[in-house]
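Visitor: For the record, in the sequence shown the residue sitting at position 118 is 117 according to numbering that gives the first Met the number 0, with numbers rising by one throughout.
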Amino acid sequence: MLYSSTLVPVPKVCWNRNVGKVFLSCSSFKAVMVVCFLIHTVCPVSALCAGESRVLYSRLFGPEEPTLLHRTAEQQRLAHKETLGLVARQVRRAVSASREASGRVLVEAGLGEEATALSEAEYGVLSLAHGEPFAGRCVVLWLGVQALAFTLVCQPHENLLLAEGTLRNLTRHCLEELRLLGPGSEVLLKSDRVDAMLQRLLPHGQLLFHNHRFTHTMDKELSSYMGK
Numbered sequence: 000m001l002y003s004s005t006l007v008p009v010p011k012v013c014w015n016r017n018v019g020k021v022f023l024s025c026s027s028f029k030a031v032m033v034v035c036f037l038i039h040t041v042c043p044v045s046a047l048c049a050g051e052s053r054v055l056y057s058r059l060f061g062p063e064e065p066t067l068l069h070r071t072a073e074q075q076r077l078a079h080k081e082t083l084g085l086v087a088r089q090v091r092r093a094v095s096a097s098r099e100a101s102g103r104v105l106v107e108a109g110l111g112e113e114a115t116a117l118s119e120a121e122y123g124v125l126s127l128a129h130g131e132p133f134a135g136r137c138v139v140l141w142l143g144v145q146a147l148a149f150t151l152v153c154q155p156h157e158n159l160l161l162a163e164g165t166l167r168n169l170t171r172h173c174l175e176e177l178r179l180l181g182p183g184s185e186v187l188l189k190s191d192r193v194d195a196m197l198q199r200l201l202p203h204g205q206l207l208f209h210n211h212r213f214t215h216t217m218d219k220e221l222s223s224y225m226g227k
């Protein structure tokens, strides 16, 4: 049996590689628990400046920010890109600091070693103050796995243990089903599959309580879908 908070129908705002969507403020998300989910780089990318992070996938939950509705599509896209980029850069700095402090040598994992890579992933929590970059205060949970980071931006009052479990579950499915540790893996080409995962594991930005039976059933369903 699945236990969850009451789900309130909320307009979904999805990342589109060609258009993008608008910047959203946490103060607008009264019906959602999770503000957004990101997959982005945390290691140097040749096409980027030092310290930059490339956002490979993003999904925003909740209604659009009223103050941006009057902007053009291009202005909205740029605002969206700037907001997500700021979050990604903060997480990148946090991952780098964590790895430097631990003194561990990062050993690259390959296909079939997803469980090991996830068990050795760095984990951290950041607090975003008002206006940095959202209008309301938010909490950021991140997992650094090899060259990638998986990031959840949540409402400040949410259950962090539940959010962490959800993030780890999402990350596990992304690594295993999308084969992200393989050579030449490109998240941008698999965004529809990440969408499908979020639809089942994080519907409308809601954190779900579930038992082992539900988890097992969901794993089989996702594996079946990804195998198509």
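All C-beta atoms in this analysis are idealised placements derived from N, C-alpha and C, irrespective of residue type, glycine included.
State the DSSP-derived secondary structure class of A108, mapped to helix, strand or coil.
Guide: Note: A108 maps to coil in three-state DSSP.
Visitor: Counting Cβ pairs closer than 8 Å, one from the region 82–94 and one from the region 110–118, do we hit at least three?
Guide: No, because fewer than three Cβ pairs between the region 82–94 and the region 110–118 fall closer than 8 Å, the two stretches do not touch.
Visitor: Which runs of the beta strand (DSSP E) fall wholly inside the region 140–180 and span at least 3 residues, in chain order?
Guide: Correct list: 147–153.
Visitor: Return yes when at least one heavy atom of the ligand ZN lies under 7 Å from the C-beta of R103, else no.
Guide: Only the bare structure without any ligand can be found here, which leaves the ligand ZN out of the picture.
Visitor: Skipping 5 residues on each side, what residues in its chain have a beta carbon closer than 8 Å to that of E220?
Guide: If we look at E220 and ignore the five residues flanking it on each side, its Cβ neighbours are R199.
Visitor: Alpha carbon to alpha carbon, how far is A134 from G204?
Guide: Between A134 and G204, the C-alpha separation is close to 18 Å.
Visitor: By alpha-carbon positions, which one of S223, E157, L161 and D194 ends up nearest to H209?
Guide: Ranking S223, E157, L161 and D194 by Cα distance to H209 puts L161 first.
Visitor: Between the region 163–174 and the region 133–149, do three or more beta carbon pairs fall short of 8 Å?
Guide: Touching, yes.
Visitor: Does the Cβ-Cβ distance between L83 and V124 come in under 8 Å?
Guide: Against a cut-off of 8 Å, the Cβ pair of V124 and L83 comes out as no contact.
Visitor: To the nearest angstrom, how far is the alpha carbon of P155 from that of C35?
Guide: The alpha-carbon atoms of P155 and C35 are separated by roughly 13 Å.
Visitor: Under the assumption that L206 contacts V33 (Cβ atoms under 8 Å), give the Cβ distance between them as a whole number of angstroms.
Guide: Indeed they touch by this definition, with Cβ atoms about 6 Å apart.
Visitor: In chain order, what residues of the same chain lie with their CB nearer than 8 Å to the CB of R136, ignoring the 5 residues before and after it?
Guide: Cβ within range, chain order: C25, S126, L127, A128, H129 and P155.
Visitor: Report the rounded CA-to-CA distance for S97 versus L197, giving the unit in angstroms.
Guide: Roughly 27 Å between the two C-alpha positions.
Visitor: Considering only the alpha carbon of each residue, which of S223, L105, A148 and R212 lies closest to H39?
Guide: Ranking the options by Cα distance to H39, first place goes to A148.
Visitor: Can you tell me whether Y56 is buried or exposed? The criterion is at least 16 other CB atoms within 10 Å of its CB, across all chains shown.
Guide: Buried.
Visitor: For the putative contact between T150 and L59, defined by C-beta atoms under 8 Å, what is the C-beta separation to the nearest angstrom?
Guide: So it is not a contact: roughly 13 Å between Cβ atoms.
Visitor: Going by DSSP in three states, H39 sits in which element: helix, strand or coil?
Guide: It is a strand residue.
Visitor: Can you tell me whether S223 is buried or exposed? The criterion is at least 16 other CB atoms within 10 Å of its CB, across all chains shown.
Guide: It is exposed - the Cβ of S223 has fewer than 16 other Cβ atoms within 10 Å.
Visitor: Give me the Cα-Cα distance between V18 and H172, rounded to the nearest whole angstrom.
Guide: In this prediction, V18 scores a pLDDT of 35, lower than 50, which makes its location untrustworthy; no coordinate-derived value is stated.
Visitor: Our contact map puts V41 next to A146 with C-beta atoms below 8 Å; I'd like the distance itself, whole angstroms only.
Guide: V41 to A146, Cβ: 6 Å. Contact.
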